[in-house]
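Chemist: Residue numbers (this note's numbering): -12 to 119.
Glycine included, C-beta positions come from ideal geometry on N, C-alpha and C.
All values reported here derive from a predicted model rather than from experimental measurement.
One structure coming up, written as structure tokens, with questions to follow.
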């Protein structure tokens, strides 16, 4: 992947974290999954949900798909708590240079380095870029 695309993606991801109701941080999960590997992308998103929920210490979560809600795009997903449907994380799946990148953002306060390390250990992940 080119330096320019990485820089653009990082800048766009950082803009998503601008101040709002809650302080957010995030990461870009660069995968080796090609565009036709939808099933593997789904499995990776489910695995990332478990990792992020564990680090956020919010309890059990479920994934709401963008195509279930007109407020989201088709490749946008949210992790919400089972107890009260509270926000845990949100992501967009983007096809860049023939492989998927997933931009996750979540509430600040997690150990970013540890979370990025655990995400990097998932199958299909090449590397993880932290976004402050």
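On the DSSP letters alone, give me the boundaries of the alpha helix (DSSP H) that residue 30 sits inside.
Modeler: Element bounds for residue 30: 25 to 43.
Chemist: Determine the direct distance from the alpha carbon of residue 23 to that of residue 80, and round the result to whole angstroms.
Modeler: Straight-line Cα distance between these residues: approximately 13 Å.
Chemist: Report the start-end ranges of each beta strand (DSSP E) in the stretch 81 to 116 that is 3 residues or longer and not cut off at the edges.
Modeler: Taking only runs of at least 3 residues, the beta strand (DSSP E) segments lying wholly in the stretch 81 to 116 are 86 to 94.
Chemist: Does any CB atom of chain C fall closer than 8 Å to the CB of residue 105?
Modeler: You won't find chain C in this structure, because it holds only one protein chain.
Chemist: Among 115, 48, 82, which one has its Cα closest to the Cα of residue 66?
Modeler: When each option's Cα is compared against that of residue 66, the closest is 48.
Chemist: Quick one: Cα of residue 82 to Cα of residue 29, how far?
Modeler: Near 14 Å, if we compare the C-alpha coordinates of residue 29 and residue 82.
Chemist: Which residue wins for smallest C-alpha separation from residue 75, given the options -2, -7, 13, -6?
Modeler: Of the listed residues, the one whose Cα sits closest to residue 75 is 13.
Chemist: Residue 10 lies in the beta strand (DSSP E); which residues open and close that run?
Modeler: Taken as a continuous stretch (DSSP letters only), residue 10 belongs to no beta strand (DSSP E), as it is neither H nor E.
Chemist: Along the beta strand (DSSP E) that carries residue 46, what are the first and last residues, could you check?
Modeler: Run containing residue 46: none; DSSP gives neither H nor E here.
Chemist: Give me the DSSP bridge partner(s) of residue 66.
Modeler: Paired residues: 50, 76.
Chemist: Since residue 106 and residue 33 are thought to touch, with beta carbons under 8 Å apart, how far apart are those beta carbons, to the nearest angstrom?
Modeler: Incorrect: roughly 13 Å between the Cβ atoms, too far for contact.
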